[in-house]
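Colleague:
Residue numbers (the numbering used here): 382 to 630.
(1) Look up residue 414 in the DSSP assignment and say whether it is helix, strand or coil.
(2) For residue 623, is the classification buried or exposed, using 16 other Cβ atoms within 10 angstroms of its Cβ as the cut-off for buried?
(3) Can the beta-carbon of residue 555 be found closer than 8 Å to that of residue 588?
(4) Looking only at its own chain, which residues have a Cβ that is under 6 Å from the Cβ of residue 457, when we skip the five neighbours before and after it?
(5) Assess, as a yes-or-no matter, whether the segment 490 to 503 is touched by the segment 538 to 551 under the definition of 3 or more beta carbon pairs within less than 8 Å.
(6) Any idea what DSSP makes of residue 596, helix, strand or coil?
(7) Report the rounded CA-to-CA distance for residue 399 versus residue 434, giving the unit in angstroms.
(8) By the DSSP assignment, the alpha helix (DSSP H) with residue 496 in it spans what residues?
(9) Measuring alpha carbon to alpha carbon, tell me which of 421, 420, 419, 442 ends up nearest residue 430.
(10) Assuming residue 595 and residue 559 are in contact, meaning their beta carbons sit under 8 Å apart, how far apart are those beta carbons, in whole angstroms?
(11) In its own chain, which residues sit with a C-beta less than 8 Å from the C-beta of residue 519, not counting the 5 before and 5 after it?
(12) Rounded to the nearest angstrom, how far is the Cβ of residue 423 from that of residue 415, given a contact under 8 Å?
(13) Excluding the five sequence neighbours on either side, which residues of its own chain have a C-beta within less than 6 Å of the C-beta of residue 541, listed in chain order?
(14) Can you list, in chain order, the residues of its chain with a C-beta nearer than 7 Å to that of residue 539? Leave out the 5 residues immediately preceding and following it.
(15) Give the single residue among 490, 493, 449, 465 whose Cα lies nearest to the Cα of residue 475.
(16) Give the secondary structure of residue 518 by DSSP, where H, G and I count as helix, E and B as strand, and everything else as coil.
(17) What's the C-alpha gap between residue 488 and residue 601?
(18) In terms of alpha-carbon separation, which member of 566, 563, 564, 537 lies closest to residue 552?
The structure is reproduced here in structure tokens:
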């Protein structure tokens with residue numbers, strides 16, 4: 382164990398630190414420049430955590446680290462620290478890694494058979510967001526985008542309403558909803574948010590409000606206008622202190 386790992390374990394409570402790095406990633410989804418914690422800290426916390434990491438976050442830790450690196454490079458690109466060709470090369474490499482990733486059975490936090498479905502939902506959500514970071518102008522109708530949306534919703538369909546694991550998949554559900562096009566898919570997204578709210582007792586209405594803003598924006602587009610309407614445009618313009626907390630229940 383390196384000195385930095387010992388330092389973190391000695392000076393911070395890991396559950397609290399795990400929550401902090403999770404929220405750091407969540408807030409940076411709308412704006413990579415908001416990312417605060419270093420890759421070294423994310424890796425140290427993920428390495429030192431036991432299986433409570435997956436039980437609390439849903440997202441498998443190695444996938445979480447991949448996504449942290451993706452956003453780290455997006456931040457560097459936005460700040461002009463890496464050129465576009467190198468940025469695209471790096472993100473395409475991470476996207477390939479996400480496509481080939483598979484959940485290890487020894488990473489199941491317990492014996493619930495729905496953990497693979499949770500992992501798959503997060504995997505395709507990470508693929509979707511990486512695709513969007515590579516080209517935010519890509520229309521929602523693009524096959525690559527819709528393949529990710531379908532894969533997320535298919536994975537979530539394996540988690541019944543009464544299963545408490547549904548509480549962990551707010552982020553994948555939100556990502557799929559932002560690019561869902563059919564009335565049926567959008568209705569299903571809202572239904573699953575109802576299931577999450579039923580378990581948690583309260584719901585975050587900001588996430589649903591953001592989705593409806595995206596859907597309404599697409600509904601106002603001209604018939605042959607399929608330009609993308611990024612969900613983070615509404616998150617940044619909200620002017621609220623909670624504008625980046627939309628994925629937190």
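Don't be surprised by glycine CBs; every beta carbon is placed ideally from N, CA and C.
Modeller: According to the structure data:
(1) In the structure shown, residue 414 sits in a helix (DSSP, three-state: H, G or I).
(2) Bear in mind that a pLDDT of 48 at residue 623, under 50, signals an unreliable position, so the model cannot answer this.
(3) For the 8 Å CB-CB criterion, residue 555 and residue 588 form a contact.
(4) Apart from the 5 residues on each side of it in sequence, residue 457 sits with its Cβ closer than 6 Å to the Cβ of 463 in its chain, given in chain order.
(5) Touching, yes.
(6) In the three-state reduction of the DSSP assignment, residue 596 falls in the helix class.
(7) Straight-line Cα distance between these residues: approximately 7 Å.
(8) Counting along the chain, the alpha helix (DSSP H) containing residue 496 begins and ends at 496 to 515.
(9) Closest option to residue 430, Cα to Cα, is 442.
(10) About 6 Å separates the beta carbons of residue 595 and residue 559, which is inside the 8 Å limit, making them a contact pair.
(11) Excluding positions up to five away in sequence, the list reads 512, 513, 525, 526, 609.
(12) With a Cβ gap of about 15 Å, residue 423 and residue 415 do not count as contacting.
(13) The beta carbon of residue 541 is closer than 6 Å to none in its chain, skipping five residues each way along the sequence.
(14) Within the same chain, 495, 498 come within 7 Å of residue 539 by CB-CB distance, once the 5 residues on both sides are set aside.
(15) Distance from the Cα of residue 475 is smallest, within the candidate group 490, 493, 449, 465, for 449.
(16) It is coil, neither helix nor strand.
(17) Taking the Cα positions, residue 488 is about 45 Å away from residue 601.
(18) The residue with the shortest Cα to Cα distance from residue 552 is 537.
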